[in-house]
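Chemist: In numbering that gives the first Met the number 0, the protein residues as written are 0 to 303.
If you scroll down you'll find the structure; I have some questions about it.
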Amino acid sequence: MTTRRAVLGGLAALPFASSLVRSPAARANGIATRPIPASGEPLPVIGMGTWITFNVGSDQGLRDARSEVLQAFFDAGGGMIDSSPMYGSAEAVIGHGLERTGQPSGLFSATKVWTWGQSDGVEQMAESRRLWGVERFDLLQIHNLLAWEDHLETLRAMKAEGRVRYIGITTSHGRRHGDFEAIMRAEDIDFVQFTYNVVDREAEQRLLPLSAERGLAVIVNRPFRRGALFDRYAAKPLPGWAAEIDCANWAQVFLKFIVSHPAVTCAIPATSRVDHMAENMGALHGRLPDAALRTRMAADIEAL
0 MTTRRAVLGG
10 LAALPFASSL
20 VRSPAARANG
30 IATRPIPASG
40 EPLPVIGMGT
50 WITFNVGSDQ
60 GLRDARSEVL
70 QAFFDAGGGM
80 IDSSPMYGSA
90 EAVIGHGLER
100 TGQPSGLFSA
110 TKVWTWGQSD
120 GVEQMAESRR
130 LWGVERFDLL
140 QIHNLLAWED
150 HLETLRAMKA
160 EGRVRYIGIT
170 TSHGRRHGDF
180 EAIMRAEDID
190 FVQFTYNVVD
200 REAEQRLLPL
210 SAERGLAVIV
220 NRPFRRGALF
230 DRYAAKPLPG
240 WAAEIDCANW
250 AQVFLKFIVS
260 HPAVTCAIPA
270 TSRVDHMAEN
280 MGALHGRLPD
290 AALRTRMAAD
300 IEAL
């Protein structure tokens, strides 16, 4: 029986889909990256989310445990960490972990603005910088389109002044795709973030093709459906094709399905455990499915 907790085997660095690239550092470690369309900057295709998992308050033991998760993430070649003021104490816990891990040079810091007022948004983003302990964020996003017109004006000014590198918008759970698409078509942004996984595939119809057309980087949230995919499939044996794409467990199957889509830049699974982080980061290595195998994966998994 193959489960999320399957022991990881050593995976050799094998060829990736042609749309993937590797920076010199990534080549040395056999890590799959994709270029951010706005700049060509390579980003590891597996990042880290922090919703729920890093909301541990001031408990020192739990904060230190999350620091170990962060260390495992960076040791495995991770880059993007995504958070939000909406996530309780997550940003403060990230800051604690980054201080303990020595502010790793590979960090790609991404958070969000989540408030109604424009001036409140300015204050909130300043507080996020303080909590993370960073001089500027790599990416600031408007969380679930809340007051997006006001915040986008602020973000554009910040980008022009060099106070943030990239800007974007987010949604989740398949909500507000119509509004999201309209903003993608009309506004000058760098990143979009939305839900996509092997069973939630609505984004394939419009958002993913539009992202490619508009040259927008795509961050995928809820890659495991908050663990529901493991609840549904972990007790089932891995399909035979899992070996063809060097997957040792279901986490890698789910993640490789996502990041093999040519429009996806990065997926951000969340975890509170070092062993699960190791499984997630294993998806940075080995072969990825081509279009034909992706179709077969979706059909086979749906039939399980």
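C-beta: ideal position from N, C-alpha, C; glycine also.
In angstroms with no decimal places, state the Cα-to-Cα distance between E160 and M296.
Modeler: Here the question's residue 160 lines up with position 161 in the sequence shown. Here the question's residue 296 lines up with position 297 in the sequence shown. Rounded to whole angstroms, E160 to M296 spans 45 angstroms at the Cα level.
Chemist: By the 10 Å Cβ neighbour count, where 16 or more other Cβ atoms means buried, how is A291 classified, buried or exposed?
Modeler: Within the sequence shown, the letter at position 292 stands for residue 291. It is exposed - the Cβ of A291 has fewer than 16 other Cβ atoms within 10 Å.
Chemist: Which residue's Cα is closest to the Cα of A266: A109, S38, A64?
Modeler: Here residue 266 refers to the residue found at position 267 of the sequence shown. When each option's Cα is compared against that of A266, the closest is A109.
Chemist: For A89 and I45, I'd like the C-alpha separation in whole angstroms.
Modeler: Counted from its first residue, the sequence shown places residue 89 at position 90. Counted from its first residue, the sequence shown places residue 45 at position 46. For A89 and I45, the distance between alpha carbons rounds to 19 angstroms.
Chemist: Quick one: give me the first and last residue of the alpha helix (DSSP H) that Y232 is part of.
Modeler: In the sequence shown, residue 232 corresponds to position 233, counting from 1. Here the alpha helix (DSSP H) through Y232 covers 227–232.
Chemist: One question on the structure: do K255 and L303 come within less than 8 angstroms of each other, judged by their Cβ atoms?
Modeler: Taking the sequence shown and counting its residues from 1, the one referred to as residue 255 is at position 256. Taking the sequence shown and counting its residues from 1, the one referred to as residue 303 is at position 304. Against a cut-off of 8 angstroms, the Cβ pair of L303 and K255 comes out as no contact.
Chemist: On the three-state DSSP scale, how would you describe Q123?
Modeler: The sequence position of residue 123 within the sequence shown is 124, counting from 1. Note: Q123 maps to helix in three-state DSSP.
Chemist: Quick check on DSSP: helix, strand or coil for P208?
Modeler: Locating residue 208 in the sequence shown gives position 209, counting from the first residue. Looking at P208 - three-state DSSP - the assignment turns out to be helix.
Chemist: Touching or not, the region 42–62 and the region 87–104, by the rule of three or more beta carbon pairs under 8 angstroms?
Modeler: These segments touch.
Chemist: Would you mind reading off the limits of the alpha helix (DSSP H) that contains I257?
Modeler: Stepping through the sequence shown from its first residue, residue 257 is reached at position 258. First-last of the alpha helix (DSSP H) with I257: 249–258.
Chemist: Just checking H275 against the ligand GDP - is the residue's beta carbon closer than 7 angstroms to any of the ligand's heavy atoms?
Modeler: Only the bare structure without any ligand can be found here, which leaves the ligand GDP out of the picture.
Chemist: Quick one: residues in its chain with C-beta nearer than 7 angstroms to the C-beta of R225, no 5 flanking neighbours on either side, listed in chain order?
Modeler: By 1-based counting over the sequence shown, the position of residue 225 is 226. Nothing listed; no residue qualifies.
Chemist: In whole angstroms, give me the CA-to-CA distance for A29 and I244.
Modeler: For the purposes of this step, residue 29 is taken as residue 30 along the sequence shown, with counting starting at 1. For the purposes of this step, residue 244 is taken as residue 245 along the sequence shown, with counting starting at 1. One detail in the question is off: residue 29 reads as Gly in this sequence, not Ala. Looking at the two C-alpha atoms, the distance is approximately 15 angstroms.
Chemist: Please state whether the Cβ-Cβ distance between L97 and G132 is less than 8 angstroms.
Modeler: Numbered from its first residue, the sequence shown carries residue 97 at position 98. Numbered from its first residue, the sequence shown carries residue 132 at position 133. Yes, Cβ-Cβ distance for L97 and G132 is below 8 angstroms.
Chemist: In whole angstroms, give me the CA-to-CA distance for A31 and R286.
Modeler: Here residue 31 corresponds to residue number 32 of the sequence shown, with the count starting at 1. Here residue 286 corresponds to residue number 287 of the sequence shown, with the count starting at 1. The alpha-carbon atoms of A31 and R286 are separated by roughly 10 angstroms.
Chemist: Please look up how many angstroms separate the CB atoms of L207 and V217, rounded, as I've assumed it's under 8 angstroms.
Modeler: One-based indexing of the sequence shown puts residue 207 at position 208. One-based indexing of the sequence shown puts residue 217 at position 218. At roughly 7 angstroms, the Cβ-Cβ gap stays under 8 angstroms, so L207 and V217 are in contact.
Chemist: Return the chain-ordered list of same chain residues with a C-beta closer than 7 angstroms to the C-beta of T153, the five sequence neighbours on each side being excluded.
Modeler: Reading the sequence shown from its first residue, position 154 is the one you call residue 153. Around T153: Q117, G120, V121.
Chemist: Please say whether L138 and R164 have beta carbons closer to each other than 8 angstroms?
Modeler: Along the sequence shown, one-based indexing puts residue 164 at 165. Along the sequence shown, one-based indexing puts residue 138 at 139. It is a contact, given that the beta carbons lie within the stated cut-off.
Chemist: Out of A269, D289, E180, S259, which has the shortest C-alpha to C-alpha gap to M215?
Modeler: In the sequence shown, the residue the question calls residue 215 occupies position 216. Looking at the sequence provided, one finds Leu at residue 215 rather than Met. Of the candidates A269, D289, E180, S259, the one whose C-alpha sits nearest the C-alpha of L215 is E180.
Chemist: So what does DSSP say about F73, is it helix, strand or coil?
Modeler: Here residue 73 corresponds to residue number 74 of the sequence shown, with the count starting at 1. F73 falls in the helix class under three-state DSSP.
Chemist: Would you mind reading off the limits of the beta strand (DSSP E) that contains V112?
Modeler: On the sequence shown, residue 112 is found 113 positions in, with the first residue counted as 1. Where V112 is concerned, the enclosing beta strand (DSSP E) stretches over 107–112.
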